[in-house]
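S.K.:
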Amino acid sequence: MTDMVGILGNPLNHSLSPAFQQAAFDYYNLDVRYMTWQTTKSELTQKIRELSADRYLGANVTIPYKEDIMAHLDIIDPKALRMGAVNTIAKSKGALVGHNTDGYGFLSTLTSQKEFDFEDRQVLLLGAGGAARAAAHSLSDKGIKRLTIANRTIEKAQTICSEFSDIELQIVSSGISEPEISEIARSADLIINATSIGMKHSGTEEVSLLSADQISPKALVFDMVYNPPITSLLREARRANARIVNGLPMLIHQGALSFKLWTGLNPPIEIMHKAGLNALNSTTNGSI
Ligand code: NAP
Numbered sequence: 003m004t005d006m007v008g009i010l011g012n013p014l015n016h017s018l019s020p021a022f023q024q025a026a027f028d029y030y031n032l033d034v035r036y037m038t039w040q041t042t043k044s045e046l047t048q049k050i051r052e053l054s055a056d057r058y059l060g061a062n063v064t065i066p067y068k069e070d071i072m073a074h075l076d077i078i079d080p081k082a083l084r085m086g087a088v089n090t091i092a093k094s095k096g097a098l099v100g101h102n103t104d105g106y107g108f109l110s111t112l113t114s115q116k117e118f119d120f121e122d123r124q125v126l127l128l129g130a131g132g133a134a135r136a137a138a139h140s141l142s143d144k145g146i147k148r149l150t151i152a153n154r155t156i157e158k159a160q161t162i163c164s165e166f167s168d169i170e171l172q173i174v175s176s177g178i179s180e181p182e183i184s185e186i187a188r189s190a191d192l193i194i195n196a197t198s199i200g201m202k203h204s205g206t207e208e209v210s211l212l213s214a215d216q217i218s219p220k221a222l223v224f225d226m227v228y229n230p231p232i233t234s235l236l237r238e239a240r241r242a243n244a245r246i247v248n249g250l251p252m253l254i255h256q257g258a259l260s261f262k263l264w265t266g267l268n269p270p271i272e273i274m275h276k277a278g279l280n281a282l283n284s285t286t287n288g289s290i
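Using the numbering used here, the first residue of the sequence shown is number 3, and each one after it goes up by one.
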C-alpha cells in the first residue's frame, strides 16, 4: 500500500511543499504520496489521530496550527519546544514527535547558499512572529554582536528578547517605524524580513519596510517571503547594491530536513529546489 505524508494547514492553495517533497520521494522511487490536507480547526484532532496509522510517515504543519498542534503530539523535540512551534511531525517507535525545521532552513540558507560569516555581525530582524522567533533562536549562538528585533507590535519583539536573558549577545527590541530603525538598518550586516509584508495577495506587495538609502551595500538582505521572488524590499536592496536572498532556499532546506526525518535518507536538495522553483513559476504566472 502507498505510504502517505502531507501538509496540514488552512488555507493551503499556494503551498509549494507538495511539488518539491513529491520530487524527493520520486527521486528515490519511494511508494509515497505527499498530500495537501487542508484542515479546519474542528477536523484537526481527527486528522492527527489518523497519522498514527502505519501508512503515514508524518506531516508538515503550517499556518495556523504550528502552535496548537503541540498539545496533540506525544513528544516535542527540545528545539521545537524552545521555539514554541512545530512545523514537522515525524514518528519514533510509533510515537508522534514534533520538530521545528524552520531554524535549520534559515541557517542553511545563510551558510550553504550565502556563506555568511556571523562573527561580530550586526543583525536587524523585522518581525516577531513564529518565523522571527526561529531566526532569533538560530542566531543566538552564532557569535553575532548585536540583534535588533523590530516589530509593529513592540510587545511581541520584547517577548522574544526576554527569552535570551542569560546570553552575552546584545539583543534589543524596537518598533518597526521608529526613527532609530534607519540608523540600525544602515549599520546592519544582515537584514531579515520575517514579516508577511511584501507577500503576493496580502495587499502589501508594493510595500517595503526599508528604502535603498537605509540599506548598506555591504549588507545581505534576506526576505523570508518567496512569492513574489523579488519583493519590494529586495528591489530596494538591489538599488542599494546589497546582496539578496529570498525565502525559497529556506523553504527548501526546512523541507529537506523534514524529508530526512521521515525517511532517514539524504534529501536531494537540487531536485527539490528545481521542483519548488517550477511550482513557484507556475504560481507567479497565474496558472495555480
Ligand atoms: P506570523 O507568526 O503570523 O507573524 C507575522 C509577522 O508579520 C508579525 O511580526 C506581524 O507583526 C508582521 N506583520 C503582518 N502584517 C503586518 C503589517 N501590515 N505591518 C507590519 N507588520 C506586519 O507569521 P510567520 O509564520 O512568522 O511568517 C512570517 C513571514 O515569514 C510570512 O511571510 C511567511 O510566509 C514567511 N515564512 C517563510 C518561511 C520560509 O521557509 N521561507 C518559513 C516561515 C515563514 P505583528 O506582530 O505586529 O502582528
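For every residue, glycine included, the Cβ atom is placed at its ideal position computed from N, Cα and C.
Computed from a predicted model, the values in this text were never measured in an experiment.
Who are the near neighbours of Phe261 in its chain, counting only those whose CB is closer than 6 angstroms to its CB and skipping five residues on each side?
M.R.: Counting only Cβ-Cβ distances below 6 angstroms, and skipping sequence neighbours, we find Ala26 and Pro269.
S.K.: Assuming contact is defined by CB atoms lying nearer than 8 angstroms, are Asp191 and Gln124 in contact in what I supplied?
M.R.: Yes, the pair counts as a contact, with Cβ atoms nearer than the cut-off.
S.K.: Less than 7 angstroms between C-beta atoms, sequence neighbours within five positions excluded: which residues of the same chain meet that for His255?
M.R.: Around His255: Tyr106, Gly107, Ser110 and Thr111.
S.K.: How about Val223 and Ile217: are their beta carbons less than 8 angstroms apart?
M.R.: Taking 8 angstroms as the Cβ cut-off, Val223 and Ile217 qualify as a contacting pair.
S.K.: Do the CB positions of Ser1 and Ile186 come within less than 8 angstroms of each other?
M.R.: Summary: the structure shown does not reach residue 1, with the chain confined to residues 3 through 290, and so no result is reported for it.
S.K.: Do Ala82 and Gly60 have their C-beta atoms within less than 8 angstroms of each other?
M.R.: No, the Cβ-Cβ distance between Ala82 and Gly60 is not below 8 angstroms.
S.K.: How should Glu238 be labelled, buried or exposed, when 16 other C-beta atoms within 10 angstroms of its C-beta is the threshold for buried?
M.R.: Its Cβ being crowded by 16 or more others within 10 Å, Glu238 is buried.
S.K.: State buried or exposed for Asn229, treating a residue as buried only when at least 16 other CB atoms are found within 10 Å of its CB.
M.R.: When all chains shown are included, Asn229 counts as buried.
S.K.: Once DSSP output is grouped into helix, strand and coil, what is the label at Ala244?
M.R.: Coil, per DSSP.
S.K.: Suppose you measure from the CA of Leu52 to the CA of His16; what does that come to, to the nearest Å?
M.R.: What sits at residue 52 in the sequence shown is Glu, not Leu. About 24 angstroms.
S.K.: DSSP on Met37, reduced to helix/strand/coil?
M.R.: Strand.
S.K.: I'd like to know if the region 157-177 and the region 193-207 are in contact, where contact means that at least 3 CB-CB pairs between them fall below 8 angstroms.
M.R.: With a cut-off of 8 angstroms, the region 193-207 and the region 157-177 do not count as touching, because too few Cβ pairs lie within range.
S.K.: Excluding the 5 residues preceding and the 5 following Asn12 in the sequence, name in chain order all residues of the same chain whose CB lies nearer than 7 angstroms to its CB.
M.R.: Gln40, Thr41, Thr42 and Pro66.
S.K.: Reducing DSSP to helix, strand and coil, say where Met3 ends up.
M.R.: Of the three classes helix, strand and coil, the one that applies to Met3 here is coil, per DSSP.
S.K.: Would you mind sorting Arg135 into buried or exposed? The rule is 16 or more other CB atoms within 10 Å of its CB.
M.R.: Buried: at least 16 other Cβ atoms inside 10 Å.
S.K.: Taking all protein chains shown into account, do 16 or more other C-beta atoms lie within 10 angstroms of the C-beta of Ile290, making it buried, or fewer, making it exposed?
M.R.: Here the model assigns Ile290 a pLDDT of 34, short of 50, so the residue's position is not dependable, and the following value carries that caveat. Exposed.
S.K.: For Gly278, count neighbouring C-beta atoms within 10 Å of its own C-beta (all shown protein chains included) and say buried if the count is 16 or more, exposed if not.
M.R.: The residue in question, Gly278, is buried, as its Cβ has 16 or more Cβ neighbours within 10 Å.
S.K.: Report yes if the C-beta of Leu126 is less than 7 angstroms from at least one heavy atom of the ligand NAP; otherwise report no.
M.R.: Because no heavy atom of the ligand NAP lies under 7 angstroms away, the Cβ of Leu126 does not count as near it: no.
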